[in-house]
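Participant:
4 protein chains.
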Amino acid sequence: MFKHQTAWRVRYAETDRMGYVYYGNYAMYYETGRVEALRSLGLIYQKLEDDLGVFMPVMSMQCKFIRPCYYDELLSFETSILEVPDSTIQFHTDILKEDGKLANKGVVTLCFVEKESKKRIPVPPFIVDLIKPWIGVDTESI
Amino acid sequence: MFKHQTAWRVRYAETDRMGYVYYGNYAMYYETGRVEALRSLGLIYQKLEDDLGVFMPVMSMQCKFIRPCYYDELLSFETSILEVPDSTIQFHTDILKEDGKLANKGVVTLCFVEKESKKRIPVPPFIVDLIKPWIGVDTESI
Amino acid sequence: MFKHQTAWRVRYAETDRMGYVYYGNYAMYYETGRVEALRSLGLIYQKLEDDLGVFMPVMSMQCKFIRPCYYDELLSFETSILEVPDSTIQFHTDILKEDGKLANKGVVTLCFVEKESKKRIPVPPFIVDLIKPWIGVDTESI
Amino acid sequence: MFKHQTAWRVRYAETDRMGYVYYGNYAMYYETGRVEALRSLGLIYQKLEDDLGVFMPVMSMQCKFIRPCYYDELLSFETSILEVPDSTIQFHTDILKEDGKLANKGVVTLCFVEKESKKRIPVPPFIVDLIKPWIGVDTESI
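Heads up: the sequence lines are chains W, S, Y and L, in that order.
To convert a position in the first sequence, counted from 1, into my numbering, add 118.
To convert a position in the second sequence, counted from 1, into my numbering, add 118.
To convert a position in the third sequence, counted from 1, into my numbering, add 118.
To convert a position in the fourth sequence, counted from 1, into my numbering, add 118.
1. In chain W, which residues lie with their C-beta within 7 Å of the C-beta of residue 150(L)?
2. Show which residues of chain Y have a CB atom less than 9 Å away from the CB atom of residue 135(W).
3. So which of 239(Y), 247(Y), 139(Y), 248(Y) has the shortest CA-CA distance to residue 186(Y)?
4. Measuring alpha carbon to alpha carbon, tell me which of 201(Y), 145(Y), 183(Y) ends up nearest residue 247(Y).
5. Tell me which same chain residues have a C-beta within less than 7 Å of the C-beta of residue 245(W), skipping the five on either side of it?
6. Identify which residue in 213(W), 209(W), 126(W) has its Cα closest to the Cα of residue 225(W).
7. Quick one: using the 10 Å Cβ neighbour count with 16 as the cut-off for buried, is residue 215(Y) buried or exposed?
8. Determine the burial state of residue 239(L): buried for a count of at least 16 other Cβ atoms within 10 Å of its Cβ, exposed for fewer.
9. Does any residue of chain L bring its CB to less than 9 Å from the CB of residue 142(Y)?
10. Please list the partners that residue 146(Y) has in chain S, where partner means a Cβ-to-Cβ separation under 8 Å.
11. Pull up the distance between the alpha-carbon of residue 218(L) and that of residue 233(W), whole angstroms please.
12. Would you say the beta carbon of residue 204(Y) is closer than 8 Å to some non-hydrogen atom of the ligand ATP?
13. Kindly indicate if chain S contains any beta-carbon less than 9 Å away from that of residue 179(W).
14. Can you name the residues of chain Y whose CB is closer than 7 Å to the CB of residue 164(S)?
15. Can you tell me whether DSSP reads residue 134(Y) as helix, strand or coil?
16. Mapping the DSSP letters down to three states, classify residue 205(Y) as helix, strand or coil.
17. State yes or no: is the beta carbon of residue 167(Y) nearer than 9 Å to at least one beta carbon in chain B?
18. Chain W beta carbons: is any one of them nearer than 9 Å to that of residue 153(L)?
19. Using alpha carbons as the reference points, say which of 177(W), 132(W), 123(W) lies closest to residue 156(W).
20. Where does the unbroken beta strand (DSSP E) through residue 198(W) begin, and where does it stop?
21. Assess, as a yes-or-no matter, whether the region 129–138 of chain L is touched by the region 142–159 of chain W under the definition of 3 or more beta carbon pairs within less than 8 Å.
22. Which two residues bound the contiguous alpha helix (DSSP H) that contains residue 235(S)?
23. Measuring alpha carbon to alpha carbon, tell me which residue in 127(L), 153(L), 229(L) is nearest residue 150(W).
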């Protein structure tokens, strides 16, 4: 599997009157996690859209809220890809609190769409090539 | 089942550069749907928090993105409760586009927490009483 | 002057841990106010962009925060146009709390940009024609 | 004057259908700029609220939108304090694009409120002590 870690400081804007991070803001956290994960693989999503004319709309999302996150906490987003993408690509994000405890788990599935035709396309082969070497590799043991 | 409908005009703030409603904004749509659904049942969520000291944090959310929603579309949020709440309460939201086609399906599960102790509590009995009469009733045939 | 009123229910998503509406959300309120004000004049901003290829980016914004707004309050956005637009158009928004007291004052100035060329253009004449009849008219006395 | 710089990567969530950063998101950028500026001075705003019971609500904001910011741009927030705070504190934020050009200028004025009484208080003396040494100092020449 491929696994990537990125840090995030919770801002005031993201909290709600309960004093927690608003549940709707986790989708933005998953976005940050997966875009930085792809960047670390050598894929800049902005270039995929602007240079190659490929969009990746979200098809589904599942979130589990395990512990609340608070203002100014320094969170860690751990984003993993467990399978070689095919017609879709799936990202698993674990959000860890500053004390290392698990706060949230998210799974987001995206597809590939050609900008011009707005039609779905299979995963571009170069994306498979970037990810394939990592699948089946036990990252924990590296 | 209990079913409630509320309208929503998509604002510029909610769109992204793809020209779609950003996938993270649907959680806010589900919130609007369920708060207005509860209001129509006679339960004002703000009073639940402020007068009765009961919070309803979100435990899980599932979203399916079926068709994109666009700027200035007049959406319809159809929020249903299918089961009598117990330790949790579950809301199903179908988001329909202006042309009536299904755009998105969301399921959000919330629990009940006592403000003071921050401990989980069972569903307050008066909430069961508000919802119970609707369960088992075929709202389509009314 | 031209004056238009629209209602808004504060959602949980818009609050912060202080229990107030987050100060960054007022820009979205001003957007809602001015888009509904233009709609009431017969100008649908979405059509201006999509059918006429004219964008209206924001050039400046000033906000005064007078009283906090709270969760679930039913606010009133009072949007006024005081002057005939020229190279820019200016909207004044007063946000009133549920009890009628003034919560916030905003002034937003926008310009006109041609979608294709991304160049600034003067105000389209039909927009002047929509607004001109209202300027110099005392709306309070109607 | 006191001047602090922090970096920010524009996320998809922050863009709108115009392809620009939505104008309402700059307030969140100013927040990030000033909170990190205060942190660099030794003041953690979260501790001010939670340990000392002092809130800093925003009283006014002015924004000038000079050039649009785009998705995935690496922005720089330059936050300055020009004057010793008194009954209020004022932050000036210049937002620079990835190419160094000025995108946006913001001025945000905040006051100090005691959490318990919800009454305004003068600036806590230790905040004056943190900032005073920097005022009158030409940071450019250091």
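Ideal placement from N, C-alpha and C gives every residue a C-beta, glycine not left out.
Note that the coordinates shown come from a computational prediction; the quantities given were computed from them, not determined experimentally.
Facilitator: Reading from the atomic positions:
1. 129
2. 130, 133, 134, 135, 136, 137, 138, 188, 189
3. The residue with the shortest Cα to Cα distance from residue 186(Y) is 139(Y).
4. Put simply, of 201(Y), 145(Y), 183(Y) the residue whose alpha carbon is nearest the alpha carbon of residue 247(Y) is 201(Y).
5. 161, 203
6. 209(W)
7. Buried, since its Cβ has 16 or more Cβ neighbours within 10 Å.
8. exposed
9. It does; some Cβ of chain L falls within 9 Å.
10. 129, 131
11. Spanning the alpha carbons of residue 218(L) and residue 233(W) requires a straight line of approximately 30 Å.
12. By its list of ligands, the structure shown contains no ligand whatsoever, and the ligand ATP lies outside what it can speak to.
13. yes
14. 189, 190
15. coil
16. coil
17. The displayed structure is made up of protein chains W, S, Y and L, and chain B is not among them.
18. It does: the Cβ of residue 153(L) has a partner Cβ on chain W nearer than 9 Å.
19. 123(W)
20. 192–199
21. yes
22. Element bounds for residue 235(S): n/a, residue is neither H nor E.
23. 127(L)
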